[in-house]
Every structure is written in structure tokens, then in C-alpha cells.
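Chains as they are written, first to last, in my numbering: chain A, 1 to 336; chain B, 1 to 336; chain C, 1 to 336.
Even for Gly, the Cβ is constructed at its ideal location relative to N, Cα and C.
1. Considering only residues of the same chain and omitting the five flanking positions on each side of residue 309(A), which have a CB-CB separation below 6 Å?
2. Could you tell me if residue 196(B) is buried or exposed, where buried requires 16 or more neighbouring beta carbons within 10 angstroms of its beta carbon?
3. Which residues in the same chain as residue 3(B) place their Cβ atom closer than 6 Å to its Cβ, once the five residues preceding and following it in sequence are excluded?
4. Under a three-way DSSP split, which group does residue 44(A) fall into?
5. Taking just the CA atoms, how far does residue 210(A) sit from residue 266(A)?
6. With 7 Å set as the bound, which would you pick, yes or no: does the beta-carbon of residue 321(C) sit closer than that to a beta-carbon of chain A?
7. Just to confirm the assignment, what range does the alpha helix (DSSP H) spanning residue 54(B) have?
8. In whole angstroms, what separates the C-alpha of residue 263(C) from that of residue 85(A)?
9. Excluding the five sequence neighbours on either side, which residues of its own chain have a C-beta within less than 6 Å of the C-beta of residue 112(A), listed in chain order?
10. Excluding the five sequence neighbours on either side, which residues of its own chain have a C-beta within less than 6 Å of the C-beta of residue 23(A), listed in chain order?
11. By the three-class DSSP mapping on this structure, what secondary structure does residue 336(A) have?
12. Tell me, please, which residues DSSP counts as bridged to residue 141(B).
13. Less than 7 Å between the C-beta atoms of residue 241(C) and residue 281(C), yes or no?
14. According to DSSP, what are the bridge partners of residue 78(B)?
15. Select from 194(C), 328(C), 82(C), 6(C) the residue whose C-alpha is nearest the C-alpha of residue 303(B).
16. With DSSP run on the structure shown, which of helix, strand or coil describes residue 175(A)?
17. Using 8 Å for Cβ pairs, my map puts residue 149(A) next to residue 92(B). What's the rounded Cβ distance?
18. Which residues of the stretch 38-62 of chain B have a Cβ closer than 9 Å to any Cβ of chain C? Give them in chain order.
19. Apart from the five residues just before and just after residue 205(C), which ones in its own chain have a Cβ nearer than 6 Å to its Cβ?
20. What residues in its chain sit with their C-beta under 6 Å from that of residue 170(A), if we drop five residues either side in the sequence?
21. Going by C-alpha distance, which of 133(C), 99(C), 233(C), 178(C) is nearest residue 202(C)?
22. When the Cα atoms are used, what is the spatial distance from residue 159(A) to residue 142(A)?
23. Ignore the nearest five residues each way along the sequence and tell me which others in residue 31(B)'s own chain have a CB closer than 7 Å to its CB.
24. Identify every residue that forms a DSSP beta bridge with residue 229(A).
25. Suppose contacts are defined by Cβ-Cβ distances below 7 Å. Is residue 53(A) in contact with residue 104(B) by that definition?
26. Taking the alpha carbon of residue 283(C) as the reference point, which residue from 260(C), 8(C), 172(C) has its own alpha carbon closest?
27. From residue 25(B) to residue 224(C), what does the alpha carbon distance come to, in whole angstroms?
28. Looking at the structure shown, is residue 149(A) part of a helix, part of a strand, or coil, going by DSSP?
29. Given that residue 139(B) touches chain F, what residues does it touch there, using C-beta distances under 9 Å?
30. Using a Cβ-Cβ cut-off of 6 Å (strictly less than) and excluding sequence neighbours within five positions of residue 178(A), which residues of its own chain qualify?
31. Would you identify the three-state DSSP class for residue 340(C), choosing helix, strand or coil?
32. Where does residue 100(A) sit, in a helix, a strand or coil, going by DSSP?
33. Please list, in chain order, the chain C residues whose beta carbon lies closer than 8 Å to that of residue 272(A).
34. Can you check which of these residues, 107(B), 79(B), 88(B), is closest to residue 97(B) by C-alpha distance?
35. Along the chain, where does the alpha helix (DSSP H) that runs through residue 324(C) open and close?
36. Classify residue 122(A): buried if its beta carbon has 16 or more other beta carbons within 10 angstroms, exposed otherwise.
Structure follows, in C-alpha cells:
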């Protein structure tokens, strides 16, 4: 049985297909008693709307229950550093918190964003890995410093639903402007997902915003195994040519990650905002994707979001079905 | 089946009576599996005690589940303005949030108080109406800028429980002092409820605190249809003469709504506080009502709240029964 | 049937043994429908991790539901003082809040820490007692100004699990340094629990940190009844000699309770931190206990917490079993 879901890579190809098939069945038939008597503990160290609501709703629809702990807001602020002398704000360490909560629950699911100070540290995803190690029960990553695998799983299903071809499908991950320098969890998981799906993936971004080398290396290896391809460019026209999907996301400039100068670099890039005109060279009926939340008229115009290209609400809907399928895989015999 | 409950007016007379009858049955028999497998999504953009607890408890008693989203506290702050360029605090727009949450739930119920800047805007109740339009599932108003229909529904039941006469019952809505200038959701819903119930309604308030004209016009129309009456006065003795009920509530001066000068106008009115002596001209056994929370010894004295006139706890109890009846009306065949 | 659990003393010896026996059964068999249809209302006026999670999980495992109200964070700030003129921050009084919530729930469970201003007032535990009086349904103390009985109940079970002898068991409650002056709920409940269990209890603390006289008087009376003993000392070697258990906890200097000078008194005491070397004179296999959250390397070293002596995670696990047993005692016929 799957014990940890920290990254989409934790699902073998066979298991991934089985989870996606189950997600499709759960979309048609929402409720069952499969998790009756089971409790899933949710720990949110950062804000959430979709993940919080879909986990609570999904477990309930399967007959189970959840509890939610918000460190720093209702619960003690958690220390994550090994060996810390805890005379500051944090009253509790994950070394106690996770094993304790794991005694109350049949699974734990945790959101813990990047610290945003040291790029290498964040890409290593040490905090979520440490928490998973500490957990006595199955453990789900609800977005960590370097990965958002539930999003990737739902997005894979959305691409299947839309019949975007695996082999030959053209997927553009486009950087867009955002008031803050954001971490790499979503772009890293998205590019890896699309590459593993066998698509032709283009990372479209301004100079200075190339994805970190470990993220690209990994995506290229996945593409090599699946018959896909991963390229990078700052040329929008070329990137969009024949595209089936434009997936918008913002991220920090890797060279200035966690530094005050990062915002100056971004200052001249507000025109990196998805507009209807971007789609001129794309395939007919090309879709717009985004993981949400999305800042309207900052990352993408109302026209695109409210038009027929946008599948962002459907993406969010698939979070529910995908996560329920994943939990059944992790918590039931039938899923094993 | 009822799809939206934004205002008590959304219930026809027949449906209102059916919901009240069902609420009485649910008071005697609290639990059933009527909502088994159903999820109600709660969105609280403002604080709550009664509404939050009674919705969670009520759905659970009917075999269903809830999730709770608090924008700005655990979830992303929500933008409500159409066309906004979202480069400020709010990371997510209701245009995404509501359709997304509606995919996870069988009904949504939302609290979103008045912005308190523009009276006309708040009375139009555009934000809750926009959210209801965006919802793919039945939608309940848990207090908006201009209406608190669950409170009105529960209060109607309380008046029935107390055998306050419909035709001929004398209902006084009295303004009371409060440290802040409050919005019109509760007074507007209360005066409309009492007028529709056919009572003789007196709005007792100091000069400068007449309810906004649209609120009074609507209440008078409801009274005309039901055989009731709605009058306004600043004369307490006259207002209280023969009263069966005094319902205390504070609200801002409409002429200075959202303005800094509003508090100066209120400064001399701290004596507008309900005291036992107020009831001298009232009917024997006249009752004291309030929607809660109530500031003791500011809006009303301990003597009244702790004495036999006060039915404020019973009012709050009826919130549970009324909301459960409403949800069954909106979510089950039997309720249709 | 037990209606209030404000202190371990509310359980007679027979009932205490029955609850402990039931807790052991629940540890082996976690789920049952015993609380089906029941709702437990949780009110947290202060942060929580274990208590919040274990109450939610425990009630769910027994087939019931919970709701959670957090005054001041999502719900109105609550006034607790009788007769207050409420023109400040608090919008609601416990005199309304508790009876109202009690109408929605089959039991209420409340956390309300010490105010930390007046020692006598806090030791009298008036606020939680007032809330219990106001509750129309069974009421559980989830840590008040002066008591943490759910912790004491779980700790008793942990001591039983570890086969620490009742008569003759040597229990050391050791003061440890903490950045703030903490209240007496846990040390008072712990010393009373250990004394009632019949153990030889030593309170080890620096000069100026003797537990308040009412706490010690009560513990000595319990020891007298059970055949135990309670002593105090500042001599660590003597205290630890033959100890079976060291239970670490910090508390304020009673003589400077709520005063600014309290921190100066504590300043020189950072070496009061449990280390492996402390256990040299203890019994072989002596255990380390703590109620959690614990500040690592401030109250106790990593070496102790991560070593075989530490039973802190097990203690927290027993909170779940003990509280479930308690709720069955309070809410079911079988428990009566």
C-alpha cells in the first residue's frame, strides 16, 4: 500500500493509471462508506481554499472524518529545524507534533510552503520529507517547498478529460507577473507532470526566470522516458505555436531567490500577463490552465478567465476526485 | 426546489409555513439521516458564533457534513469587485472561489457583512447576490450587507412559540447605542419579518436614525399585504404602550453612513439602552428580543437579560431548528 | 451520569477506575457508533494542538460530530466578568454564549487559560466554573486557569501502562526554565494526580518557585488518603534518587505572579533544563514525561526527548483514549 505521497513520482505508472481511473469513477459516484471510521488529520501551515475544502469534503463523502490543525493560528507555531534551541516564537517541534497527531489519525496530510530564503534548501524539500519520516501513518503532501503533487494529479486528470494528447500534446508553462516572488512547488510539479505525460513541454519565461537546473534536469529525464520533450524559451510567438494548453504560473528569479533585489528584476515585467491575443498562434480551442488562486487582470485577463478557454474551475474540481482516489489507494485494501 | 435563500422573501407564504412546521418537528426530534452523504460548504468572511455552530451542528444532526472556509484567516482573502486588477491583498476572486467550492459541496452558505462605506451599495446587497449567481449549488445567505434571513426565520418561529399574536401583535424594534455604527442587515430583516407576520410594528429610534427609506418602504408594503402596520417614532413611551415585544438593535445614522462624523452623532445617545423601566407601559409579560451577540449593560442591562422577559437564548436555539428545516427544504426531495 | 468534569476530583475512585478500564479497551478498539447523532461543541479561547485534534478525532471515531468555536479568531471575543459594561473589545458574554452553544450540542468542552494577573483569582478557577454552571449540557474542562484534568486522566493511564507502581512509585515533578511565567493548571493537576495515585511525589524547584500553598495543601490531603506522600525540595540529587518518573513543567514564581519583575527572577535559571545526566541517581529505566508542547533544548534536551526515557508521545496518545472514555461516561447510558 502506498505510504507516502510527497511527489507524483511516488506513484508508479501502473498505480497512477489506477488512481486516475478511480478518480473518474468517483466523479460519477461521489459517496461511499469506504473510509467509514477513518480520520484524516489535516495540518495547514499556510493558507488554503481548494485543498482545505476538497480534503474535508472528499473524506466526508467517503464516510470518514477530518480534523484541521493550523499552526500559528489556533495551534502552537511549529519549529521544523533539527536541534533548534526553542526559545523563540515556536512552542512545539514537528518531532512531537507529527507523531502525536499520527496517533489520532489514520492518515496525515500537510501543507508547508517554502521558507523562501535559500533556493537549494527549498528544492531539497527537507521539511515535508522530515514530517513524512516522523509520521506513523500514511502521509500526503498538500503542497510543500518543492512539490504540489495533488495539484499535478488533478491536472493530469483534467488533461485526460479534455483529451489533450499525451504523445504530441503541446503544453506551455508560461511565467506571468505577480507582486511577489513565488516558490517553485507548482511550476516544478507541473513541468514534471507534463513531461511524464509524454507531452511536448515549453517553459516560456523572461530572461532571468529560467527554472532552476534541478527542476529542468528532472523534467527532461521524465520526458526522455515517456517520449516527450522539454524546452525553454523567452519567445512567446514560438512557444505558443500549435499549443494545446497554456498553463500560467509565477515564480521568483532563481538567481535572486529570497533577496530584496528580486522585486526590482520583476518590476518591468507586468506585461507578462496572459491575454486573448496570446492564443493567436495556438491550436484551435487551446485551453488556459491555472492552479488557483489567480490574481485577475494581473496574471491573466478577465476575458480569458471568463471565456471558453479557461478550465481553471474544472481543474479545481478534479482536485476533489483525484485526492479521494489517492486516499482510497493509501487507506483501503481495495486501493492496495 | 428552493435554490437560493437570500432573503425571507425567497420563501412564499406556503413554503414559509411549511418550513416553520418542519422546524417545530425538528425541535422535538433532532436527528435524522436526511442529509447523509451531503456536504454543506460554509464560507465566513466575518466572525460568527451562533451561525457557525448551529450550521455545523445542524448538518451533523441530519447526517451530513460541513467544511468551513474563512477568507483572510486560513484561506486567501477574497476580491468581490468585478473587473478588479488584483494587485493588492486579495489573492482570489469570488468568481473562482464560489464555483470551485460549489463543486465540492451540495450547498454553499456564506456570511459576508456590509462594506460600510456606501449605503446604497450595501442596501443593494450586490455581493451576496453575485455569489449566489456564481454558485452551481443551492445557496444560503448567512448574513449579508442587507439581510439576515436565517435570523428572521428563527425569530418568526420564536414569536410563534411565544404565541405573540400575528394580527394585532405589537412589535417594537428599538435602536440602542453601540460603540460602532452598524449595518442594516438585522434591522431591515427584522422589520420586514415583523411586518410580513402582520404585526403592528413600531421603529423606535432617536432623531437622525430613521431606517433608510427603501427599508421602510418595503416593510410598509409587506404590512399592507398582511394586514399589519409600520410606524416610526422617537417617543419611547408611545412606542412601548401595549407592546408585546421589544427587539433591540443598533444601526448607523443613514445620513452619515461610512463617514467619520457618524460617531459624534451617536456620542450623546448612550442612554438609549434597554432597561426594565422601559417596559412600564408595555403589555403584561412583554418580551425582550435580540439577535446576539449583545453587549451587556451597553445595549441592555443585566437586569433585563437575566430576567424573565429575555428570550434571547431561545431565539438563538431556534436558529438551529429553522436552518435545519431550511436545508431540508433546499436539499431533499421531501423538502421540495 | 457525570455532568461536569472540571477536575480529576469530579471522578470518584470507582468511576476513575472504570474510565481508565474503558480507555484501555478503546485503545485496542478505536471505533464504535456509541456517539452516533451526538454533537460535542468545542470552545477554544486559547491555542491547542493535542486537545483540539484528539477531541475531534475521538468524537468522530465514536460516530459523533464536533464543532469548534474560537473566540477572538473567527468568533466574537468573549467577556467573562459578571456585571461588565461591555463597551470594549468583547462583543459577547459567556452568559449568552454558553447557554446558546449548549442548545446546539450534547456536550460542551472548553479551554480557557489563566488570566495571569491575580494568583488567587486564577487558582479559584472561577471562569471555567461559571461556564460549567451556565451549560445546559455535560461540560468538560479542556484546561482552565487552575486545572487540566484531561491531561491528568491521560497521564494516570500512561503511568499504569508503564507499570509505574502506585504505592511506592517515585514521581518527581521538576520545574524547568521557560521564556515566560506560566500558569499552574498543569503542575496543580499533575501533583494532585500523582498524590491521589498513592505515589511518593517530590516537587523539585528552585527557591522562589514553591507551588502555591493551596495546591500543596490539596496534594498532601490526597496523598494522605491514598497512602502517598508529597514533599518539596530544591536539591536535585536528593529528588531524583530512585525516581521512576521525572515530569517536567514550568510555572511562574507565585510571589511575583502577573508582575513584570517575574522574568528577572527567572533570568538566572536557564540551567533548570532536564538533561540525561539528571537521571544518574534515578531508578533504572526511569521515564521522562511532559504534557507537551515542549520547547526542545530549553526545557529538556534533544537527547532525553529522542531517547528511550521519553514517553511524551505516548502521553499524548493516551489523551485520545482517556477523553473518549470520559465522553462515553458523560454521554451514554452504558457509561452511567
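Reading it off the structure:
1. 287, 288
2. buried
3. 138
4. strand
5. 13 Å
6. no
7. 50-61
8. 19 Å
9. 45, 127, 128, 144
10. 157, 321, 322, 325
11. Residue confidence for residue 336(A) is low, a pLDDT of 49 falling below 50, so the modelled location carries little weight; the figure read from the coordinates is stated next. In the structure shown, residue 336(A) sits in coil (DSSP, three-state: anything other than H, G, I, E or B).
12. 110(B)
13. yes
14. 92(B)
15. 82(C)
16. strand
17. Between residue 92(B) and residue 149(A) the Cβ distance is about 22 Å, and since that is not below 8 Å, they are no contact.
18. 44, 47, 48, 49, 50, 52, 53, 54, 55, 56, 57, 58, 59, 60, 61
19. 175
20. 200, 242, 243, 244
21. 233(C)
22. 20 Å
23. 61
24. 200(A)
25. yes
26. 172(C)
27. 55 Å
28. helix
29. Absent from the structure is chain F; the protein chains it does hold are A, B and C.
30. 250
31. A question about residue 340(C) goes unanswered here, because the residues of chain C that appear run from 1 up to 336.
32. helix
33. In chain order: nothing, as chain C lies at least about 37 Å away.
34. 79(B)
35. 312-331
36. buried
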